Each structure stands twice: as structure tokens, then as C-alpha cells.
Amino acid sequence: AALRRREHLLDLFIRHAPAAIAMLDTQLRYVAVSRRWLSDYQLGERDLIGRSHYDLFPEIDSRWREIHQRCLRGEHASAAEDRFVRADGGTMWVRWEIHPWHDIDGQVGGIIMFTEVITARKQVEDEMRRLTTELQAIVDSADNAIIVTNPEVSSVRDSDRILGVIQAKSRRAEQGLEPVKEHLLVTRYDPERVEKGEMLKVEDVLEILAIPLLGIVPESPAVLKASNVGMPVVLDDKSNAGQAYGDAVG
Numbered sequence: 001a002a003l004r005r006r007e008h009l010l011d012l013f014i015r016h017a018p019a020a021i022a023m024l025d026t027q028l029r030y031v032a033v034s035r036r037w038l039s040d041y042q043l044g045e046r047d048l049i050g051r052s053h054y055d056l057f058p059e060i061d062s063r064w065r066e067i068h069q070r071c072l073r074g075e076h077a078s079a080a081e082d083r084f085v086r087a088d089g090g091t092m093w094v095r096w097e098i099h100p101w102h103d104i105d106g107q108v109g110g111i112i113m114f115t116e117v118i119t120a121r122k123q124v125e126d127e128m129r130r131l132t133t134e135l136q137a138i139v140d141s142a143d144n145a146i147i148v149t150n151p152e153v154s155s156v157r158d159s160d161r162i163l164g165v166i167q168a169k170s171r172r173a174e175q176g177l178e179p180v181k182e183h184l185l186v187t188r189y190d191p192e193r194v195e196k197g198e199m200l201k202v203e204d205v206l207e208i209l210a211i212p213l214l215g216i217v218p219e220s221p222a223v224l225k226a227s228n229v230g231m232p233v234v235l236d237d238k239s240n241a242g243q244a245y246g247d248a249v250g
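Numbered according to the working numbering, the sequence shown spans residues 1 to 250.
Quick look at the structure:
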């Protein structure tokens with residue numbers, strides 16, 4: 001009775017764990033599984049107990065099968081990120097750990113797998129690498145650079161990083177040529193928010209970035225209105241924002 005109670009509690013713990021967990025026996029049949037596992041691998045609400053892991057995932061290749069066998073021999077295995085190609089051709093990225101579990105006699109009773117789907121994070125990282133490559137290409141071909149920032153601390157910090165790339169990693173910088181000419185355009189400037197301490201003063205932005213000021217564009221509903229209709233706000237010469245952009249480029 002005590003053993004059945006422990007098994008029941010273990011099943012409840014795994015089933016309701018907020019992580020993707022699967023407990024398999026030595027034949028790689030499911031003993032317990034969490035709801036997150038069902039969700040992450042699009043398995044619906046089906047009952048997996050007693051089902052073969054390889055029947056459910058026929059796409060599992062020899063590399064994964066060898067890892068499973070090593071863990072059944074008592075090893076632990078893990079990866080911070082790994083590519084998993086599904087049967088339908090889709091690709092998932094997962095972080096995973098596999099450990100053997102032991103029965104009451106101390107023998108390996110199977111393996112327990114912990115996984116986390118990190119596909120979204122990998123996609124963001126890939127996009128960041130792509131954008132970084134594009135930025136580097138732009139920087140390498142630039143003679144002039146207009147740094148556009150709003151007076152919020154996070155935006156100024158990002159602009160400072162971009163300046164670092166221009167000043168240290170551009171083709172001109174690496175070859176010791178005349179540096180890229182840098183100019184600063186401050187947008188969405190709102191004196192009331194500056195007074196409340198929600199934005200930096202222009203003087204503070206200039207002190208941090210230390211490049212010549214090209215212009216200041218005030219916060220204006222005309223910017224959102226122009227964006228909604230697909231028109232550059234600079235063409236709206238009746239708005240203060242349109243006039244400010246015009247002065248900056250004129």
C-alpha cells in the first residue's frame with residue numbers, strides 16, 4: 001500500500017509539474033508524463049502510459065537512441081540547445097537533460113527526461129545575428145551616420161551601443177581611415193515628461209552620446225497619424241513634428 005501511494009504521488013508530481021517531463025522504463029515505454037510534455041510536443045490529451053517513445057516519435061534518429069541507451073547504462077546526458085527535426089519536417093530547438101532512475105533494488109528502472117522548448121529564443125537569436133550582419137554591412141559602407149534616439153534611458157543606451165560599433169568596428173575604424181561623420185536626431189521629445197523625470201534632458205543625451213545635434217523632433221500625434229496612413233510625417237508641414245523633420249533634413 002505504501003509503495004502504491006508513493007507511485008501515485010510521483011505520478012501526480014510529474015503530471016502537474018510546470019516543466020516537460022517524461023519518465024520511461026527500460027523498454028522506453030512511458031511510465032509517467034507531465035501535461036507540459038503533452039503540450040510542448042503537440043500530443044493532445046492522449047494517454048501515453050505503456051506507449052513506446054519511439055512509436056510516438058518515429059523521427060528519433062540513431063544519435064538520440066544511442067543517448068538513451070547510454071543513460072540506461074547509468075550515464076547522465078544534457079545539452080543547452082539541440083535541434084530536433086519532427087516527422088512533419090518542422091524543426092524544434094530544445095534544451096534537455098536525461099537521467100537514469102533506479103528501482104527499489106537499486107537497478108536502473110529506466111530514464112527520466114527533462115526538456116524545454118527554446119525554438120522562439122533561437123529564432124530571436126538568429127534574427128539578431130541577421131540584423132547585426134546587416135548593420136555591419138551598412139556601417140562599413142557609410143560616410144555619414146544619423147543616430148536617431150528618443151530621450152528615454154533605454155533608447156539612449158541602445159544608441160550608445162550603435163555608436164560603439166560605428167567607432168570601433170566599422171571598416172573605416174579598422175583601417176584607420178577618416179571616421180564616419182556622426183549626427184544626433186532626438187525624437188519624441190516631451191518637455192512635460194522631461195520635467196517629471198520620465199525622460200532625459202537634451203543636454204544629458206548630448207553628454208552621454210557626445211556627437212553633434214542635428215535636430216529635435218517633439219512628441220506629436222501627427223507621427224502616429226502619418227504612420228497609420230502610410231505617409232512620411234515630414235510631408236505634414238503643418239505639424240510641429242513634420243516641420244522639425246524638415247528642418248533636420250533641409
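For every residue, glycine included, the Cβ atom is placed at its ideal position computed from N, Cα and C. Remember, predicted model here, so these are calculated numbers, not experimental data.
Annotation for Asp-40: Ala-20 and Val-117 place their beta carbon closer than 6 Å to its own, counting only its chain and skipping 5 residues before and after. DSSP assignment within the segment 147-197 yields the following whole alpha helix (DSSP H) runs of 4 residues or more, N-terminal first: 153-169, 171-175 and 191-195. Positions of the alpha helix (DSSP H) runs, each at least 4 residues long and wholly inside the segment 38-104, are given as 53-56 and 62-72 in order along the chain. Annotated as proximal: Asp-236 and Ala-226, with beta-carbon spacing under 7 Å. For Pro-212, there is no enclosing beta strand (DSSP E), as DSSP marks it with neither H nor E. Per DSSP, Ile-138 is one residue of the alpha helix (DSSP H) stretching across 119-141. Residue environment analysis places Val-124 among the exposed positions, since fewer than 16 neighbouring C-beta atoms fall within 10 angstroms of its C-beta. Under the three-state reduction of DSSP, Val-229 is assigned to coil, being neither helix nor strand.
For Asp-25, the uninterrupted beta strand (DSSP E) segment begins and ends at 20-25. Ala-145 has Glu-182 as its beta-bridge partners, per DSSP.
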